[in-house]
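Following the numbering used here, the numbering of the sequence shown begins with -13 at its first residue and continues without gaps. Cβ coordinates follow ideal geometry from the N, Cα and C atoms, glycine included. The structure appears right after this line, and notes come after that.
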Amino acid sequence: MESHSTTTIVDIPEKNERETRTPFSTLRTVSLIATCTMAMWVNSSNTTSVSISLPAIGEDLNIEETQLQWLVSAYALSSGCLFPMFGRLADLYGRKLVFMAGSTWLAIFTLACGFAQNEITLDVLRGMQGIGVAAALPASMGILAHAFPPGKIRSIAFSSFAAGAPLGAFTGMALGAVLTQLSNPSWRSNFYLSTGLTVLYMVVGFWAIPKDEPSAELDKRVDWLGAFLVTAGLTLIIFVLSDGEVAPNRWATSYIIALLIVGVIILGLFLLWQWYLERVQYNPNAPYSALTPPPIMKLSLWARGNGKFAAIMIIVMFTFCSFLGWNFWTQLYYQNYQGYTPVGTMIRLFPMFITGIICNFIIAVIISRVSVVWILASGTIITACAAIFFAEIDPDATYWAYGFPSAIFSVFGADFVFAAGSIFVARIVEPHEQSLSGALFQTMYQIGTALGVTVSTIVFNRVVAQDSLNMGVVVDNANSNAPREALLNGYKAAEWTAFAFGAIGALLAVLFFWNVGIVGDKDAPEGTKPISTPQSTSTVAVDRDVEKAIQEIPRIATSPTPSESAH
């Protein structure tokens, strides 16, 4: 049956961007990729270095154990909620500008964290850190997608960028453990080191990142109402996910219920507002109004590639639910159940670092040779299998039987899904949407982190409470009086939850991407179909190379035309 959809390319320049851009030298190419990778690296290490230092921070600043999690949550809360807004600003006003501004902000408040003298100050400063990350990371993905056309170099760039997450997570944990345990400033050393790394990649990036070019969008107004709604809604929901299990009455606490309802309502209003603005923008007869700027996030973006854009975002969320859930409970098992020191825990997780490096090389090689469905499905299921080892662990068994293979398997999903997903998304979105799509990637990563830890914590607490009750013990809110057998069953149940998240991600990868071929190569596979892009009343310049890249995705059904969308 013939499709009635069309691919709309408007205002195509006479010379495309690749023809007019000066090619990068090898040194500048490597420096550019390293800069963006280090931004991701520092982001991940800023979380894990603090996580493994929580006992020392709590003892130094007299923070109650139930409140320590906010030192981690405040960072994820502020960054995850602001990604969409900064992604849009980077696309409009310049990715290098937003990247450098965000990194400068991050360096300032990271250094300030090292001088905090009480809990409230450190919580606030951690939240301010997250704002800088929210600006730098979406801009990084936009910079890479804009700098490198589809092909081998882009595959290497996104593979390296993706590897920054698990490698940064491990090195942050490793160095955090060593510095906290062995250095004189203890946990404060982590922030000093992170500040130095941030300044280092800023200096390199100032030279390596190409100068910002004017945005192709004529209408550069910002949807500030939409930015407020999405930020407020995500803030409330991520707060509830982070605080639900430590609230006075847990999920039955009145403010938890109220904030969850309000957060969902606000996000619903955001979606309705974006739907309305998009209809206005695509209506050529609609009069100009200062009250109707272009939407901060077009809802049609989620329908790109016959819904595969939305699918890859959900797969990212479930993958990091699994990976971060595994990481969280594995650390607690080693330290709280087995009694290992932070350094002892780090040594047992060291294979993650080696595997992460190997995965980086593997994905760079196979992304242009293997269908994306195999990359996504294998990555998610291997990460899920890492959780099985701890779900069935024998505490008296040797480390090599359970802990070692689990650490080996854990990072495959993070590396494979992030790299393949980033490249796929970069090919189906327009040039002026690259940073926004990167922002949505990061948002789903943060939501996955919060959701994975929250759901697995609920499972852990319920299993521990029930098993303890069966043994005649009523546990307190901190599970401090729970029998060891009940705690072990709780750890196992939490790891089974992490496995379930990964398995769901693998299933979605097979269902949605079975007919998508290779996405990491510039040569179009046979049987491709164009992906339609509705024409907006604001003119968008799309170069011929991007048109070709969009048409390279195999067997993807076209989206509706503007006239069909109106119905």
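Beta-carbon contacts of residue i that lie in its chain and below 7 Å, excluding the five residues immediately before and after
| i | result |
| --- | --- |
| residue 352 | 361 |
| residue 231 | 440, 443, 444, 447 |
| residue 174 | 100 |
| residue 278 | 263, 266 |
| residue 145 | 346, 349, 350, 353, 405 |
| residue 309 | 369, 396, 399, 400 |
Under the three-state DSSP convention, the category residue i falls into
| i | result |
| --- | --- |
| residue 419 | helix |
| residue 309 | helix |
| residue 602 | This structure cannot speak to residue 602, because the chain is shown only from -13 to 553. |
| residue 457 | coil |
| residue 173 | coil |
| residue 332 | helix |
| residue 338 | helix |
| residue 134 | coil |
| residue 370 | helix |
| residue 401 | helix |
| residue 380 | coil |
| residue 391 | helix |
| residue 187 | helix |
| residue 199 | coil |
| residue 10 | coil |
| residue 452 | helix |
| residue 522 | Below a pLDDT of 50, predicted positions are generally treated as unreliable, and residue 522, at 38, falls in that range; the measurement from the model is reported next regardless. It is coil, neither helix nor strand. |
| residue 462 | coil |
| residue 290 | helix |
| residue 110 | helix |
Buried/exposed call for residue i, threshold 16 Cβ in 10 Å
| i | result |
| --- | --- |
| residue 384 | exposed |
| residue 229 | buried |
| residue 457 | exposed |
| residue 189 | exposed |
| residue 181 | buried |
| residue 115 | buried |
| residue 471 | exposed |
| residue 450 | buried |
| residue 481 | buried |
| residue 270 | exposed |
| residue 379 | buried |
| residue 93 | buried |
| residue 427 | buried |
| residue 453 | buried |
| residue 528 | Low per-residue confidence applies at residue 528: pLDDT is 35, beneath 50, and the placement is therefore not dependable enough to give any value. |
Cα-Cα separation, residue i to residue j
| i | j | result |
| --- | --- | --- |
| residue 331 | residue 301 | 29 Å |
| residue 210 | residue 15 | 35 Å |
| residue 455 | residue 377 | 21 Å |
| residue 147 | residue 386 | 30 Å |
| residue 513 | residue 504 | No answer about residue 513 holds up, because its pLDDT of 31 lies below 50 and its placement is not dependable. |
| residue 156 | residue 484 | 19 Å |
| residue 394 | residue 149 | 15 Å |
| residue 255 | residue 492 | 32 Å |
| residue 12 | residue 128 | 20 Å |
| residue 243 | residue 196 | 47 Å |
| residue 234 | residue 294 | 41 Å |
| residue 520 | residue 318 | In this prediction, residue 520 has a pLDDT of 38, which is less than 50 and means its spatial position is unreliable; nothing more can be read from the coordinates. |
| residue 515 | residue 285 | For residue 515, the pLDDT reaches just 37, beneath the cut-off of 50, and the residue's location in the model is therefore unreliable, although a value from the coordinates is still provided. Looking at the two C-alpha atoms, the distance is approximately 22 Å. |
| residue 259 | residue 215 | 9 Å |
| residue 89 | residue 18 | 15 Å |
| residue 124 | residue 461 | 44 Å |
| residue 363 | residue 438 | 19 Å |
| residue 316 | residue 199 | 46 Å |
| residue 473 | residue 71 | 42 Å |
| residue 358 | residue 365 | 11 Å |
| residue 132 | residue 168 | 43 Å |
| residue 117 | residue 91 | 8 Å |
| residue 138 | residue 342 | 20 Å |
| residue 41 | residue 158 | 16 Å |
| residue 50 | residue 499 | 46 Å |
Chain-order list of residues whose beta-carbon lies under 6 Å from that of residue i (same chain, five-residue window excluded)
| i | result |
| --- | --- |
| residue 142 | 350 |
| residue 177 | 96, 99, 100 |
| residue 321 | 331 |
| residue 37 | 58 |
Proximal residues to residue i (C-beta, below 8 Å), its chain only, five neighbours per side dropped
| i | result |
| --- | --- |
| residue 312 | 369, 372, 373, 376, 392, 396, 481, 484 |
| residue 102 | 47, 108, 111 |
| request: Tell me, please, whether the stretch 43 to 63 touches the stretch 412 to 429 by the rule of three or more beta-carbon pairs shorter than 8 Å. | output: Three or more beta-carbon pairs separated by less than 8 Å are not found between the stretch 43 to 63 and the stretch 412 to 429, which leaves the two stretches without contact.
| Does the pairing of the stretch 367 to 376 with the stretch 486 to 497 give three or more beta-carbon distances under 8 Å? | Yes, the stretch 367 to 376 is in contact with the stretch 486 to 497.
| query | Three or more C-beta pairs closer than 8 Å, one from the stretch 72 to 88 and one from the stretch 216 to 228: is that the case here? | reply | With the cut-off at 8 Å, the stretch 72 to 88 and the stretch 216 to 228 do not touch.
| said: Under 8 Å, with one C-beta from each stretch per pair, do the stretch 154 to 167 and the stretch 320 to 328 reach the 3-pair mark? | reply: Contact holds: three or more Cβ-Cβ distances are below 8 Å.
| Does the stretch 94 to 111 come close enough to the stretch 403 to 414 to have 3 or more Cβ pairs within less than 8 Å? | Cβ pair count under 8 Å is below three, so no.
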